[in-house]
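End of the sequence shown = 373 in the working numbering, gap-free, step of one. This report refers to the structure that appears directly beneath it.
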Amino acid sequence: MAEGKAKVKASAGLNVRKGAGTNYAKIGGLTNGTIVTYYGENNGWLQIKHNGQTGWISKQYTSITQAATGGSSGNAGKSSSGSVQVTCDVLNVRKGNGTGYGIIGTLSRGQVVSYSEEKSGWLKISYKGKTGWISKQYTKASSSGGNSSSGKSSSSSYTLYVNTAVLNVRAAAGTGNAKIGTVSYGTKLTAVGDHKGWAKIKFGSGYGWVSKQYTSSKSPSSGGGGGGGSASSSMKAAGQKAANKAQSLYSQYVSAGWTYSQAKRSSSGHYDCSSFCHRCWQAGGVNFGWASSEGEALKCYKAGGTVSSVQKVIPGDLLFYHTNWNSGTRWKGINHVAIAVSGSQRIDAGGTPVKKCGLGSPVYIGRPGYLL
2 MAEGKAKVKA SAGLNVRKGA GTNYAKIGGL TNGTIVTYYG ENNGWLQIKH NGQTGWISKQ
62 YTSITQAATG GSSGNAGKSS SGSVQVTCDV LNVRKGNGTG YGIIGTLSRG QVVSYSEEKS
122 GWLKISYKGK TGWISKQYTK ASSSGGNSSS GKSSSSSYTL YVNTAVLNVR AAAGTGNAKI
182 GTVSYGTKLT AVGDHKGWAK IKFGSGYGWV SKQYTSSKSP SSGGGGGGGS ASSSMKAAGQ
242 KAANKAQSLY SQYVSAGWTY SQAKRSSSGH YDCSSFCHRC WQAGGVNFGW ASSEGEALKC
302 YKAGGTVSSV QKVIPGDLLF YHTNWNSGTR WKGINHVAIA VSGSQRIDAG GTPVKKCGLG
362 SPVYIGRPGY LL
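Following this line, the structure appears as structure tokens:
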């Protein structure tokens, strides 16, 4: 096996990853000045052994102190690397380069894997954090460069849409793998592979994995007609009922001295913004439950009840805002909601007392009538 020596030259230390790329999970680290032996090179990454596992380090943060050589005589290994696609239904992954070695797992037809060495007709791969070998005769060259040995590559890409508020993107298929980012509700994704309920997607300059149970094949905004400001007579009637209820609750709460409290919002004498709108829309025929402002917005959005501008607001429409408080990773940053009682006024239960004011600048406008 070809070997070489490299010295770490990263003052803050150097991550050791499961594969050749920053999208792979970290399995450890090396301190500045550490000298390591590397056994292969792939796209600017060096393959090493780290705590009994096969790992990869970025070559740009090292200096080569001894270049890789061809190894001793009788060693049929090659230092070539690349990616291949499995061409048989089930391909065994073995501990060594031969059928006499034990099986540590399998790959399925179409899977794309990266290999770091070729030896006597066998390819050395990283398999679930371990070093494995597969027979080259049951593979073909691939240029797609799959980022995980546990993914099935599609012959063509397809589109998915996120249908949850925030969806984690992971380095490989499974919740046990490192999170490398997030995508928000309604985001259009390009998927290039599948594995056990997970989709491999294009993410940034590389790839990531998302759970398919939180995606759909159709854009959430395509359902229910898309709102846009148009409303049937039944929607207008329901919205007017909700607006009338808002006017009634406004008068009741102010005169009785009801107070704002998220913790006690379901109790008599208290409210918060989303519970106020929930009570109003119960009169209009929609039961939000004790949802958050973000939750109410997403329900409207999923039903297609989006109003395109404040100029198209009608009584009963819900106005959602981002107030720079406790917004976190919420959809559109939404953390507040109010209800329109006309085309120019809203009733806002965001504090004590409830107030009536202009529409302001909502980040999203929803029409609950689409939920009827």
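The beta carbon of each residue, even a glycine, is placed where N, CA and C say it ideally should be. Since the structure is predicted, the reported quantities are computational estimates derived from the model, not experimental observations.
- Rounded to whole angstroms, the separation of the alpha carbons of Ser-84 and Ser-218 is 29 Å.
- Here Ala-142 is exposed: its Cβ has fewer than 16 other Cβ atoms, across all protein chains shown, within 10 Å.
- The alpha carbon of Thr-23 has as its nearest neighbour, out of Val-37, Gly-56 and Ile-36, the alpha carbon of Gly-56.
- Per DSSP, Gln-346 lies in no alpha helix (DSSP H); the unbroken beta strand (DSSP E) holding it starts and ends at 346-349.
- By the C-beta criterion, the stretch 203-219 is judged to be in contact with the stretch 182-193, since at least 3 inter-stretch pairs fall below 8 Å.
- Taking each of Ala-284, Gln-54, Tyr-25 and Lys-6 in turn and checking the Cα distance to Gly-34, the smallest one comes out for Lys-6.
- DSSP places Val-255 in the uninterrupted alpha helix (DSSP H) bounded by 234-257.
- Within 10 angstroms of the beta-carbon of Lys-19 lie 16 or more other beta-carbons, which makes it buried.
- The beta strand (DSSP E) runs lying completely inside the stretch 162-229 and spanning 3 residues or more are 167-171, 180-185, 189-196, 199-204 and 207-212, given in chain order.
- Counting C-beta pairs closer than 8 Å gives three or more between the stretch 87-98 and the stretch 125-137, which meets the contact rule.
- For Ala-7, the uninterrupted beta strand (DSSP E) segment begins and ends at 5-9.
- Listed in chain order, the non-local C-beta contacts of Tyr-162 below 8 Å within the same chain comprise Gly-187, Thr-188, Lys-189, Leu-190, Thr-216, Ser-217, Ser-218, Lys-219, Ser-220 and Pro-221, local neighbours out to five positions each way being set aside.
- Contact check for Ala-243 and Cys-281: beta-carbon distance about 5 Å, within the 8 Å limit, so the pair qualifies.
- For Tyr-39, the enclosing beta strand (DSSP E) begins and ends at 36-43.
- Note that the stretch 300-308 touches the stretch 361-369; at least 3 beta-carbon pairs, one per stretch, sit closer than 8 Å.
- When beta bridges are read from the DSSP output, Trp-134 appears opposite Arg-95 and Lys-125.
- DSSP, read as helix, strand or coil, puts Gln-312 in helix.
- By the 16-neighbour rule on beta-carbons within 10 angstroms, Ser-117 is buried.
- Assignment of Phe-289 by DSSP, reduced to helix, strand and coil, places it in the coil class.
- The alpha-carbon of Ser-212 is positioned some 43 Å away from that of Lys-356.
- Note that the C-beta distance between Thr-100 and Lys-8 is not below 9 Å.
- Only residues of its own chain outside the window of five on either side were considered, and among them Cys-274, Ser-275, Phe-321, Ile-335, Asn-336, His-337 and Val-338 have a CB closer than 7 Å to the CB of Ser-294, listed in chain order.
- Secondary-structure assignment with DSSP links Arg-18 through a beta bridge to Lys-27 and Trp-57.
- By the beta-carbon neighbour count (other beta carbons within 10 angstroms, threshold 16), Lys-246 is buried.
- As DSSP reads the structure, Glu-297 sits in no beta bridge.
- When secondary structure is reduced to three states using DSSP, Lys-265 falls in the coil class, being assigned neither helix nor strand.
- Residue pairing from DSSP places Gly-359 in a beta bridge opposite Gln-346.
- The Cβ-Cβ distance between Pro-316 and Val-287 does not fall below 9 Å.
- Counting of Cβ neighbours within 10 angstroms places Gly-290 among the exposed residues, the total staying below 16.
- Taking the CA atoms as reference points, Ser-109 sits about 46 Å from Leu-373.
- In the DSSP annotation of this structure, the continuous segment of the beta strand (DSSP E) that includes Gln-86 starts and ends at 83-87.
- Rounded to the nearest angstrom, the Cβ distance from Ile-126 to Ser-115 is 7 Å, consistent with a contact under 8 Å.
- Leu-47 and Lys-60 have their C-alpha atoms spaced approximately 6 Å apart.
- Residue pairing for Thr-140: DSSP places it in a beta bridge opposite Val-87.
- Straight through space, the alpha carbons of Arg-171 and Thr-38 are spaced by roughly 29 Å.
- Residue nearest to Gly-30 within the set Gln-241, Gly-45, Gly-209 and Lys-50 is Lys-50 (criterion: CA-CA distance).
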